[in-house]
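Numbering (our numbering), first residue to last: 13 to 492.
First comes the structure, then the notes that go with it.
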RNA sequence: GGCGCCAUCGUCUAGUGGCCUAGGACAUCGCUCUCUCAAGGCGAAGAUCACGGGUUCAAAUCCCGUUGGCGCUACCA
């Protein structure tokens, strides 16, 4: 796992971690977390913290490690020196900026460009001079001239000609090893049996295999995972919207739902099972039991937020009522619906509101959009819906209904409220839809929502009366 | 440009030579339930299996080519 220099935990990385985790569980193997922070400038404690927190949130908090590559520099150095001694790697004194220019120039002319081994072919005198002037030197791997073929668990046979691999850098001028070298050494030292990572690493793999061979180390198996794409089919990135785990957390996605969704993005069990819930929760063991690397698809997959939302709702509905309330609380507070203290003081009321809203939310943060009228008076009325219920007759009916509501006390039993209102309706030969829809709109601003009488009861008589009155006052006269 | 990988409904996928007049899920649209919404149930629509050639009695499935998409092409990982 690499710390993200952009400071967030990408859902793609999360899926890679998840597949590694599932694979380890399935095979009763060890799941090791290794932080690939060889590039000091691009790593920091904060970035690593984000990754660790993300892992914990997704329920993959138990792992061996983390091990930090930045703390294992001497190990890599040993291997690099060995390669140099054996003539399998060489010093390169070239200036990176110059090389970059050359490369760019070639690219603009639509030509292929590869490092031309000029430093390998330096004469003794030239070399001595570079050394004398203290020119910074990196170490390049001398790519042998046989090609590489390996069998990828998901992609099958992949091969690459040696002429298409340049003598890549294995140690920077500042003395730190690069990723390709460090991960090879570590995968061997840590006895990694399976390397499972994104398909964007496919072209690195032949380089690494060459390194294993040059170092005479046992190779692991490789499995590359299809990329997660945005709507426009390019690699999922920030410009597609939310890509960081934290954003999903803040939107109110449940980790279980995200894990379930991610598991299915590129993998399928082979039958029609899509939801891995047992006893109201994601059953990771069941998932892991069914998980097989060779059932991973090789085609890239578009991230579909709509399906994630559906899945999230499935998981929300499975939560026990107290659990749901507990999870929803922070979102109620964050949306300014209620303060933490108010929630404490109105525990029963909150629980009832939660019960009503639970099956109606795709994400936890939807409480603000869908349930604001329970908490606040500043909710917005659906303009077109309200307009439908402002004719003279309806206003008249509502005027009468308002009186009925005023006379209901106590106002603490939804069933009682329902009986009183229905009685009034039938006594006056009103059709149910003549008064029930307008009543809902006047009080909640919405055409749809939780059962009306429960809603009225929870909003309370005083607020119901006030809201109906406001509508009557505002529109009553205009329609006379 | 070079190299690599990929290609089944809008999206995620099942399919590994005959069970495929291609199955499921999300989304969409109906109907049903209901005070409404959500959920649920039922149903519809949606894929000439990218295209063109082979191989075979038989191809979504194997082979070749074309096209398209994506990835890599760093002293990032």
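Every residue gets a Cβ at the ideal spot worked out from N, C-alpha and C, and that includes glycine.
How far does the alpha helix (DSSP H) with residue 20 in it reach, from first residue to last? Indexing the first chain from 1 puts residue 20 at position 8. Residue 20 -> no alpha helix (DSSP H), and no H or E assigned at all.
Cβ shell of residue 276 (< 8 Å), same chain only, five flanking positions each side left out: Here residue 276 corresponds to residue number 264 of the first chain, with the count starting at 1. 286.
Residue 470 and residue 364: beta carbons closer than 8 Å? To locate residue 470, count along the first chain from 1; it is residue 458. To locate residue 364, count along the first chain from 1; it is residue 352. In this structure, residue 364 lies closer than 8 Å to residue 470 by Cβ.
What's the C-alpha gap between residue 451 and residue 344? Your numbering for residue 451 matches position 439 in the first chain. Your numbering for residue 344 matches position 332 in the first chain. Taking the straight line from one Cα to the other gives about 25 Å.
Spatially closest choice to residue 314 from 321, 278 and 114, by CA coordinates: As a working note, residue 314 is residue 302 in the first chain. It is 278.
Find out if the Cβ-Cβ distance for the pair residue 151, residue 181 is shorter than 8 Å. The residue you call residue 151 lines up with position 139 of the first chain. The residue you call residue 181 lines up with position 169 of the first chain. It is a contact, given that the beta carbons lie within the stated cut-off.
What is the DSSP secondary structure of residue 477, counted as helix, strand or coil? Numbered from its first residue, the first chain carries residue 477 at position 465. Three-state DSSP puts residue 477 in a helix.
Can you tell me where the alpha helix (DSSP H) holding residue 91 begins and where it ends? In the first chain, the residue the question calls residue 91 occupies position 79. Here the alpha helix (DSSP H) through residue 91 covers 85 to 97.
If you pair each beta-carbon of the segment 155 to 163 with each one of the segment 216 to 236, do three or more pairs fall below 8 Å? By the Cβ rule, the segment 155 to 163 counts as touching the segment 216 to 236, because three or more pairs are nearer than 8 Å.
Local conformation of residue 219 per DSSP, three classes: The residue labelled residue 219 in the question sits at position 207 within the first chain. Three-state result, residue 219: helix.
Between the alpha carbons of residue 229 and residue 290, how many angstroms are there, rounded? In the first chain, counting from the first residue as 1, residue 229 sits at position 217. In the first chain, counting from the first residue as 1, residue 290 sits at position 278. Taking the straight line from one Cα to the other gives about 43 Å.
Taking Cβ positions, are residue 195 and residue 93 nearer each other than 8 Å? Start at 1 with the first residue of the first chain, and residue 195 comes out as number 183. Start at 1 with the first residue of the first chain, and residue 93 comes out as number 81. Taking C-beta atoms as the reference points, residue 195 and residue 93 fail to come closer than 8 Å.
Per DSSP, cross-strand counterpart(s) of residue 537: No statement about residue 537 is possible, as the shown extent of the chain runs from 13 to 492 and does not include it.
Between residue 266 and residue 324, how many whole angstroms is the CB-CB distance? I'm expecting something under 8 Å. To locate residue 266, count along the first chain from 1; it is residue 254. To locate residue 324, count along the first chain from 1; it is residue 312. Indeed, because the Cβ distance is near 6 Å, the residues count as touching under 8 Å.
Please go through the segment 251 to 325 and give each complete alpha helix (DSSP H) segment of 4 or more residues, from N-terminal end onward. Qualifying alpha helix (DSSP H) stretches, in chain order: 257 to 263, 267 to 275 and 296 to 302.
Rounded to whole angstroms, what's the CA-CA distance from residue 247 to residue 202? Just pull it up for me. Start at 1 with the first residue of the first chain, and residue 247 comes out as number 235. Start at 1 with the first residue of the first chain, and residue 202 comes out as number 190. Distance between the alpha carbons of residue 247 and residue 202 is about 31 Å.
Please classify residue 28 as buried or exposed, where buried requires at least 16 neighbouring CB atoms within 10 angstroms. For the purposes of this step, residue 28 is taken as residue 16 along the first chain, with counting starting at 1. Counting Cβ neighbours within 10 Å, residue 28 comes out buried, since at least 16 surround it.
Tell me the residue span of the alpha helix (DSSP H) that contains residue 406. By one-based count along the first chain, residue 406 stands at place 394. Where residue 406 is concerned, the enclosing alpha helix (DSSP H) stretches over 404 to 418.
Measuring straight from C-alpha to C-alpha, what distance separates residue 41 and residue 81? Taking the first residue of the first chain as 1, we reach residue 41 at position 29. Taking the first residue of the first chain as 1, we reach residue 81 at position 69. Rounded to the nearest angstrom, the two C-alpha atoms are 22 Å apart.
Under 7 Å Cβ to Cβ from residue 350, same chain only, skipping five residues before and after it: list those, please. The residue given as residue 350 occupies position 338 in the first chain. Around residue 350: 344 and 387.
Identify every run of the beta strand (DSSP E) within the segment 166 to 238, keeping only runs that are complete inside it and at least 3 residues long; order them along the chain. 168 to 172, 181 to 183, 206 to 210 and 233 to 237
In whole angstroms, what separates the C-alpha of residue 490 from that of residue 348? In the first chain, the residue the question calls residue 490 occupies position 478. In the first chain, the residue the question calls residue 348 occupies position 336. Because the pLDDT at residue 490 is just 47, under 50, the model does not fix this residue reliably, and the value given afterwards should be weighed accordingly. Cα-Cα distance, rounded: 35 Å.
Tell me the DSSP secondary structure of residue 459 in three-state form. Taking the first chain and counting its residues from 1, one reaches residue 459 at position 447. Coil at residue 459, not helix or strand.
Residues bridged to residue 153 (per DSSP): Here the question's residue 153 lines up with position 141 in the first chain. BP columns for residue 153 point to 101.
Please report the distance separating the alpha-carbon of residue 492 from that of residue 442. Walking along the first chain from the start, residue 492 turns up at place 480. Walking along the first chain from the start, residue 442 turns up at place 430. Note that residue 492 has pLDDT 41, beneath the 50 cutoff, so the model's placement of it is unreliable and no number is given.
Using 8 Å as the threshold, is the C-beta distance between residue 309 and residue 239 below it? For the purposes of this step, residue 309 is taken as residue 297 along the first chain, with counting starting at 1. For the purposes of this step, residue 239 is taken as residue 227 along the first chain, with counting starting at 1. No, the pair does not count as a contact, with Cβ atoms beyond the cut-off.
Please state if the CB of residue 76 and the CB of residue 126 are separated by a distance shorter than 8 Å. What you label residue 126 is simply residue 114 of the first chain in a count that begins at 1. What you label residue 76 is simply residue 64 of the first chain in a count that begins at 1. Contact: no.
Of the choices 320, 464, 169 and 131, whose alpha-carbon is the least far from that of residue 214? Translated into the one-based positions of the first chain, residue 214 becomes position 202. Closest by alpha carbon: 169.
Just to confirm the assignment, what range does the beta strand (DSSP E) spanning residue 76 have? Walking along the first chain from the start, residue 76 turns up at place 64. Looking at the DSSP string, the run of the beta strand (DSSP E) that includes residue 76 is 76 to 80.
What does the alpha-carbon distance come out to for the pair residue 83 and residue 26? Translated into the one-based positions of the first chain, residue 83 becomes position 71. Translated into the one-based positions of the first chain, residue 26 becomes position 14. The straight-line gap from Cα to Cα measures roughly 24 Å.
Would residue 237 and residue 66 be called neighbours here (beta carbons separated by less than 8 Å)? Taking the first chain and counting its residues from 1, one reaches residue 237 at position 225. Taking the first chain and counting its residues from 1, one reaches residue 66 at position 54. Taking 8 Å as the Cβ cut-off, residue 237 and residue 66 do not qualify as a contacting pair.
Residue from 149, 118, 119 and 128 with nearest C-alpha to residue 104: The residue labelled residue 104 in the question sits at position 92 within the first chain. Ranking 149, 118, 119 and 128 by Cα distance to residue 104 puts 149 first.
Where do the N-terminal and C-terminal ends of the alpha helix (DSSP H) with residue 397 fall, by residue? Numbered from its first residue, the first chain carries residue 397 at position 385. Its alpha helix (DSSP H) spans residues 395 to 400.
Looking at the structure shown, is residue 162 part of a helix, part of a strand, or coil, going by DSSP? Here the question's residue 162 lines up with position 150 in the first chain. Look at residue 162 here: in three-state DSSP terms it is strand.
Among 200, 185 and 302, which residue has its Cα nearest to the Cα of residue 284? Looking up residue 284 in the first chain gives position 272. When each option's Cα is compared against that of residue 284, the closest is 302.
Beta-carbon proximity of residue 374 to residue 419, cut-off 8 Å: Counted from its first residue, the first chain places residue 374 at position 362. Counted from its first residue, the first chain places residue 419 at position 407. No; because the gap between Cβ atoms is not below 8 Å, this pair is not in contact.
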